[in-house]
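Going by the UniProt record's numbering, the letters in the sequence shown line up with residues 1 to 140, in that order.
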Amino acid sequence: MKQNIIIYTDGGARGNPGPAGIGCAIFSAENLAKPIATHKKYIGKTTNNQAEYKAVVLGLEQAKKMGAYEVEVRLDSELVCNQITGKFKLKNSDFQESFIRIWNLRQGFKKCVFKYVPREKNKLADKLVNEAIDSKLALS
Numbered sequence: 001m002k003q004n005i006i007i008y009t010d011g012g013a014r015g016n017p018g019p020a021g022i023g024c025a026i027f028s029a030e031n032l033a034k035p036i037a038t039h040k041k042y043i044g045k046t047t048n049n050q051a052e053y054k055a056v057v058l059g060l061e062q063a064k065k066m067g068a069y070e071v072e073v074r075l076d077s078e079l080v081c082n083q084i085t086g087k088f089k090l091k092n093s094d095f096q097e098s099f100i101r102i103w104n105l106r107q108g109f110k111k112c113v114f115k116y117v118p119r120e121k122n123k124l125a126d127k128l129v130n131e132a133i134d135s136k137l138a139l140s
């Protein structure tokens with residue numbers, strides 16, 4: 001079955017740079033009430049924007065594994081969203097590797113769009129980020 005999904009992604013660092021985590025919540029486009037999958041990961045010390053990029057990569061990789069057909073990625077970083085969509089130039093070379101990975105991943109879907117959402121509409125992905133960071137810091 002060809003699946004259309006919506007992915008909420010978030011990345012964050014405590015300090016900039018600092019301990020960072022990424023998270024994504026994947027929903028069927030037909031049902032935004034309950035995610036069909038969630039993922040979170042501690043990624044070490046990095047910046048907020050680098051974490052945002054890595055979160056998009058994580059979301060797209062998971063969508064690919066699930067056999068998604070059409071994908072809409074929603075993220076609360078206006079800067080990263082505008083860079084991915086080409087509205088802003090990518091000036092920071094630190095983001096190039098993730099940008100290229102996103103570009104390549106998006107080619108594997110019939111449709112792949114990116115939308116900015118306000119932070120209050122991205123609470124689950126934000127929660128996953130904090131859980132990833134908290135779980136690592138609790139072990140330290």
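All residues carry an ideal CB built from backbone N, CA and C; glycine is no exception.
As the structure is a computational prediction, the values presented were derived from the model and not from experiment.
Only counting the same chain, and skipping five residues up and downstream in sequence, which positions put a Cβ closer than 7 Å to that of residue 13?
Closer than 7 Å at Cβ, skipping near neighbours: 19, 20, 46, 47, 48 and 51.
Kindly identify the DSSP beta-bridge partner or partners of residue 74.
BP columns for residue 74 point to 8 and 115.
Report the residue from 2, 38 and 5 whose alpha carbon sits nearest the alpha carbon of residue 132.
Measuring from the Cα of residue 132, the nearest candidate turns out to be 38.
Going by DSSP, what residue range makes up the beta strand (DSSP E) through residue 108?
No beta strand (DSSP E) contains residue 108, which DSSP labels as neither H nor E.
Taking residue 11 as the reference, which of 75, 71 and 70 has the closest Cα?
Minimum Cα distance to residue 11 is reached at 75.
Can you give me the C-alpha to C-alpha distance between residue 33 and residue 126, rounded to a whole angstrom?
Spanning the two alpha carbons is a distance of roughly 17 Å.
Which residues DSSP lists as bridging residue 41, in chain order:
Bridge partners of residue 41: 22.
With DSSP as the reference, label residue 88 as helix, strand or coil.
In this structure, residue 88 counts as coil in the three-state DSSP scheme.
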